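Engineer: Letter by letter, the sequence shown follows residues -14 to 565 of my numbering.
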Amino acid sequence: MFSLNRMSLCGAVLFVLGTLVPAHAATCPGDDTKLALPAGFCGTIFADDIGHARHLVVSANGVVYVNTWSGRYYGNDTPKPGGFLVALRDTTGSGKADSIQRFGGTIQTGSAGGTGIAIYKNWIYAEVNDRIVRYSLPPGAVVPTGAPETIVSGLPLGGDHPMHPFIIDSKGMMYVDVATATNACQAQNRQLHSPGLKPCKELETRGGIWRYDANKTNQKFSPAGRYSTGIRNAEGFAFDASGRLFATQQGRDQLHANWPELYKPEEEATLPAEELLLLKQGGDYGWPECYYDAGQQKLVLAPEYGGDGGKKVGVCANKMPPVAAFPAHWAPNGMVRYDKKEFPARYRSGVFIAYHGSWDRAPYPQSGYNVVFQPLNGAKAAGGCEIFADEFAGPVKTPEGALHRPSGLAVGPDGAMYVSDDIRGRIYRIVYKGGAVNGRPAVTPCPPLTAPAGEISGAGAQPPEGTNPDAGAAARRLPVPAGATPAMVALGDRIYHGQVGGAGCVGCHGVSGKGSPLGPDLTAKKWMWSDGSYAGIKKAIQEGVAHPKQYRSPMPPMGGAQLTPGQLSALAAYVWALSH
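(1) What does the alpha-carbon distance come out to for the pair Ser564 and Pro505?
(2) Report the three-state DSSP secondary structure of Cys275 (helix, strand or coil).
(3) Measuring CB to CB, does Pro391 end up less than 7 angstroms from Phe377?
(4) Any idea if Asp324 is buried or exposed, counting beta-carbon neighbours within 10 angstroms, 16 or more meaning buried?
(5) Distance check for Arg116 and Cys185, CA to CA, integer angstroms please.
(6) By Cβ distance below 7 angstroms, which residues in the same chain neighbour Ile153 in space, the five residues on each side in sequence not counted?
(7) Any idea if Asp375 is buried or exposed, counting beta-carbon neighbours within 10 angstroms, 16 or more meaning buried?
(8) Pairing CB atoms from the region 381 to 396 with CB atoms from the region 334 to 345, are three or more of them under 8 angstroms?
(9) May I ask you to list the residues that DSSP assigns as paired with Met540?
(10) Assuming the contact rule is C-beta atoms closer than 8 angstroms, His37 and Gly410 should be a hit. Round their C-beta distance to whole Å, please.
(11) Are there 16 or more other CB atoms within 10 angstroms of the CB of Ser55, so buried, or fewer, so exposed?
(12) Please tell me whether Gly567 and Asp278 are closer than 7 angstroms, where the distance is taken between their beta carbons.
(13) Residues in its own chain within less than 6 angstroms of Met540 by CB, not counting five upstream and five downstream?
(14) Of the choices Val49, Gly98 and Gly319, whose alpha-carbon is the least far from that of Phe337?
(15) Rank Pro449, Pro306 and Val356 by C-alpha distance to the C-alpha of Val404 and give the top, closest one.
(16) If you measure between the beta carbons of Gly101 and Pro150, is that distance less than 7 angstroms?
(17) So Thr202 packs on Thr130, CB below 8 angstroms; how close in whole Å?
(18) Roughly how many angstroms separate the alpha carbons of Leu476 and Asp406, rounded to a whole number?
(19) Distance, Cα to Cα, Trp315 vs Pro64?
(20) Helix, strand or coil: how does DSSP classify Thr233 here?
(21) In terms of alpha-carbon separation, which member of Gly157, Phe222, Lys365 and Gln239 lies closest to His178?
(22) Between which two residues does the alpha helix (DSSP H) containing Val127 stretch?
(23) Can you tell me which of the three DSSP states Asn303 falls into?
(24) First and last residue of the alpha helix (DSSP H) that includes Tyr481?
(25) Starting from Ser138 and walking both ways along the alpha helix (DSSP H), at which residues does that stretch end?
(26) Under 8 angstroms by Cβ, that's how I've got Tyr585 and Gly181 pegged, so tell me the actual separation to the nearest angstrom.
(27) Return the first residue and the last residue of the beta strand (DSSP E) that Thr29 is part of.
(28) According to DSSP, is Lys365 helix, strand or coil?
(29) Buried or exposed: Ala401, going by 16 or more other Cβ atoms within 10 Å of its Cβ?
(30) Taking the alpha-carbon of Ala169 as reference, which of Thr508, His532, Glu274 and Met473 has the nearest alpha-carbon?
(31) Express the C-alpha separation of Glu450 and Asn61 in angstroms, rounding to a whole number.
(32) Does the Cβ of Ala558 have 16 or more other Cβ atoms within 10 Å, making it buried, or fewer, making it exposed?
(33) Hey, out of Tyr276, Ile35, Glu187 and Ala132, whose CA is closest to Ala456's CA?
(34) First and last residue of the beta strand (DSSP E) that includes Leu247?
(35) DSSP three-state label for His37, please.
(36) I need the DSSP call for Leu256, collapsed to helix, strand or coil.
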């Protein structure tokens, strides 16, 4: 593992032996980030506490637009008031946003926010719930005033990876990550010795990149839109100067935890590698049958599909390998190509990647929580990655202990780089001031891909999203009653699980709807207070059940919440879907 070595000379903190150090106050006045950056680079906290900031984009006039998210990944905490989309401006040239405006959907309108965001022509595109929408941005305006138009709807939600990052090319083709519901397409997600499903039905609607036309409205998600497959979770996208499209891949988890007879305890932390992919139409990148072993520099067969701990290759010989690999479980998130002239020229040949940070390296030290630069030469890696920015997490590098976790990256028209944090909603701004030796900043290489796990430093860990044995069910689309839409069912799911509206459904009916001593099973098609129709279920929710026939807990009207008519209809549609 690498370390941050600091040396002091006459009160100055220097960059020594290619190691990152905090910027000197004389070189970087106003740098309040506490980030470790290469010599010559400085940062400021551009904005703070704006919500769980995911991806971001910067307009031609320097406005930073951020998509923020909510839900179970953040403990279902209360979102910031106002819309989930945020516009940030620095009107004084201080390096800090002094104008903050929110717009878009709110928790009251059923929105949960999202991850993906982009600017194309005079439109802001953003992910919200199961769709990608766009807002018209008139010339000179900072935030839109009109209603959004839907570009594509019905994107799969639920499971381990419900987010939909995306990118739009110069012709308006939009590439959308539709990540997997499960870790490895097991019969029981993340469970000991659970075999992989054959075929993996999840791949019909998850685990790949889908392509749509950003110029067209009201497109519907379907398997026909798939561009490439076998990708577990591609949160970062970037085009190079030649128009080639790259994407990150988050490697699978729990090789030792689920297959302890095949993998050593330390291999939980060191396998498999994270990946940078060159996307090709029709390409198959291996998930769930394969994972990338950086030590062997090849894709090998996963244990759920007959793998023997890394020796067998099998069908993986015909899958597409990555163009670059990174340490295991660092969790690549946003990615950007630097296309301006303010940074040293070497940074224009490669991509920057934000690493959200690991959980599955426990009980060994966690790692990641940084921004790296991966040099490229055309479609191939030009050497290993370099740690560009570090110390986001603070003294504790764990999902629950990190102060900040890098999530998104963007480059502004003035050459500044922006980094978002989805823990405390901080936006960092990084600029190059010069002063590096011979104009070339020293670099800090990423740890070797074969570096040992380190010494045991804590207890084991569980995935932040939970183990969710039935997560694969999220890949099977719920039916939709007549008079409702898939978006309504998806919203109803969030209302049922307490993420929207404040209803307490799970307290009586259970997380999966299979009932509890307090409330009946909603999946059994046995109805006590209605005929089981969509209208009947809606009426029962609206009026409540004051005197249950078989259960001791009454159901208050609207589930004890102040649901809007739209939320009531959505919840009824979800309950109907559970029973069908």
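Idealized CB from N, CA, C, for every residue including glycine. Computed from a prediction, not measured in an experiment: that's the story for all the values here.
Structural biologist: Result, derived from the coordinates:
(1) 12 angstroms
(2) strand
(3) yes
(4) The residue in question, Asp324, is exposed, as its Cβ has fewer than 16 Cβ neighbours within 10 Å.
(5) 24 angstroms
(6) Ala103, Tyr105, Tyr110, Met159 and Ala199
(7) Flag for Asp375 reads buried.
(8) yes
(9) Val530
(10) 6 angstroms
(11) buried
(12) In the structure as shown, the chain begins at -14 and stops at 565. Residue 567 is therefore absent and cannot be evaluated.
(13) Gly529 and Val530
(14) Gly319
(15) Val356
(16) When the beta-carbon positions are compared, Gly101 and Pro150 come within less than 7 angstroms of each other.
(17) Contact flag wrong, Cβ pair sits at about 18 angstroms.
(18) 26 angstroms
(19) 27 angstroms
(20) strand
(21) Gln239
(22) Boundaries for Val127: no alpha helix (DSSP H) harbours it, and the DSSP string shows neither H nor E there.
(23) helix
(24) Pro471 to Tyr481
(25) Unbroken run through Ser138 is the beta strand (DSSP E), Glu134 to Ser138; no alpha helix (DSSP H).
(26) Residue numbering for the chain in the displayed model covers -14 to 565; residue 585 lies beyond these limits and cannot be assessed.
(27) Phe26 to Ala32
(28) Three-state result, Lys365: strand.
(29) By the C-beta density criterion, Ala401 is buried, having at least 16 other C-beta atoms within 10 angstroms.
(30) Glu274
(31) Rounded to whole angstroms, Asn61 to Glu450 spans 12 angstroms at the Cα level.
(32) buried
(33) Ranking Tyr276, Ile35, Glu187 and Ala132 by Cα distance to Ala456 puts Glu187 first.
(34) Note, Leu247: premise wrong, no beta strand (DSSP E); not H, not E.
(35) When DSSP states are grouped into helix, strand and coil, His37 belongs to the strand group.
(36) coil
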